[in-house]
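Heads up: the structure comes next, in structure tokens.
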Amino acid sequence: MHRPVPGKYRYHRNTASDCGGQAISMMNKIITDENPMVPFLGKLKYVRDLGNEIKLLGVELMDGGALAFSEYHPGQFAFVSAFGVGEAPFGIASTPARSGILEFAIQRLGTVTTELHRLGQGDVVGIRGPMGNCFPMHDFAGKNIILLGGGIGGAPLRPVIHTILDNRKDYGHFTILWAARHPSLLIFTDEYEEWRSSPDCELHLTVDHPDQTWDHNVGLITELLAKVAPSPHNAVTITCGPPVMIYYVNQVLNKLGFQPEQNFVTLEARMHCGIGKCGRCNLGDKLICVDGPVFKMTEVGQFLESYL
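In our numbering, the protein residues as written are 56 to 363.
Dropping the structure here:
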């Protein structure tokens, strides 16, 4: 049984948080006068293997969907429908600045993702969104940024990486810590050279269980973070991964001197509606789908233990 809907969400609530945390109209955010529960249609332009049981779906939106997604931001998500099977939420893994194609990294874990993996170029899917708030990239200008991605949780961070690399002079030193359980589960490996060769940028890789060809760090991302030991001076951190990873990463960040207001996280949840109606994704008095998925640790730190 899921937790009851917090009182402030029990009545009509067509609002979501924008990148600055202020309420904006969900209807305006998607497309005026459209039902946010009805998906736009999108055609698969390509399906590529990213890792073991992980595929990258490139979606070209049709009709009103192209307008709805003409401007979306790092950290936002959307529901992807496999017609006749169901829908599920996924972090958007692309930026409109780089391509007109909407991209999602999808790991095969259940019925919906299995069906999405079965689809190929030319097949049609449903897309609802863009939803949720986003990372306040303008507020990060001039700051050193430490980004920590774990497994498939790195997918929503790829737009952050692309935004920083495409506007390199706007940000300070950029440190990427990228982790997975096994080398076969690392995603976007074809982009690592671009990341590490960007000015004032460093990339550190780690896996829990290496294979014979692995020549990078071995161990948990928390161990890698303690080893790299970035300075908290004029810095912010951005973390996405399983809740247990986020919890322990923030314990290490605290030891390194980072304050909770410096640490941003993006959370996942079992969502049904994505617009603050069902209450499935509530975390304390927050609804991850509309108040998040991006939060400062000052907002959600006290609730993370409930995810462990």
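Every residue, glycine too, gets a C-beta built ideally from N, C-alpha and C. Please read all numbers here as calculations on a predicted model, not as lab measurements.
Expected contact under 8 Å - CB spacing of residue i and residue j to nearest Å
i, j, result
"leucine 203", "leucine 280", "7 Å"
"histidine 237", "valine 262", "6 Å"
"glycine 205", "proline 297", "6 Å"
Cβ-based neighbour list, residue i, same chain, cut-off 6 Å, excluding 5 preceding and 5 following
i, result
"lysine 98", "Glu115, Val179"
"histidine 271", "Leu260"
"glycine 141", "Val167"
Residue i burial status per 10 Å Cβ neighbour count (16 or more: buried)
i, result
"serine 136", "buried"
"asparagine 289", "exposed"
"glycine 120", "buried"
"lysine 332", "buried"
"histidine 264", "exposed"
"asparagine 305", "buried"
"threonine 292", "buried"
"glycine 62", "Bear in mind that a pLDDT of 45 at glycine 62, under 50, signals an unreliable position, so the number given afterwards is only what the model happens to contain. The residue in question, glycine 62, is exposed, as its Cβ has fewer than 16 Cβ neighbours within 10 Å."
"alanine 196", "exposed"
"valine 355", "buried"
"valine 244", "The amino acid occupying residue 244 in the given sequence is threonine; valine does not appear at that position. Label assigned to threonine 244: exposed."
"histidine 193", "exposed"
"aspartate 104", "exposed"
"valine 320", "buried"
"lysine 310", "exposed"
"glutamine 357", "exposed"
"alanine 152", "exposed"
"glutamine 267", "exposed"
"glutamine 131", "buried"
"glutamate 323", "buried"
Same chain only: Cβ atoms within 8 Å of residue i, ignoring 5 sequence neighbours per side
i, result
"methionine 92", "Arg183, Cys328, Ile330"
"glutamine 77", "In this predicted model, glutamine 77 has a pLDDT of only 40, less than 50, meaning its place in the structure is not dependable enough to derive any value."
"proline 254", "Arg223"
Contact set for residue i: own chain, Cβ-Cβ below 7 Å, skip 5 residues either direction
i, result
"serine 149", "Ile156, Leu157, Glu158, Pro214"
"threonine 169", "Arg163"
Short Cβ contact (9 Å threshold) for residue i with residue j
i, j, result
"leucine 359", "tyrosine 302", "yes"
"proline 315", "threonine 277", "no"
"proline 211", "isoleucine 147", "yes"
"cysteine 344", "glycine 209", "no"
"threonine 230", "valine 273", "no"
"tryptophan 269", "isoleucine 216", "no"
"isoleucine 201", "leucine 232", "yes"
Q: May I ask you to verify whether the segment 157 to 166 touches the segment 104 to 113, counting CB pairs closer than 8 Å and requiring at least 3?
A: Contact check between the segment 157 to 166 and the segment 104 to 113: three or more CB pairs, one atom from each, fall below 8 Å, which counts as touching.
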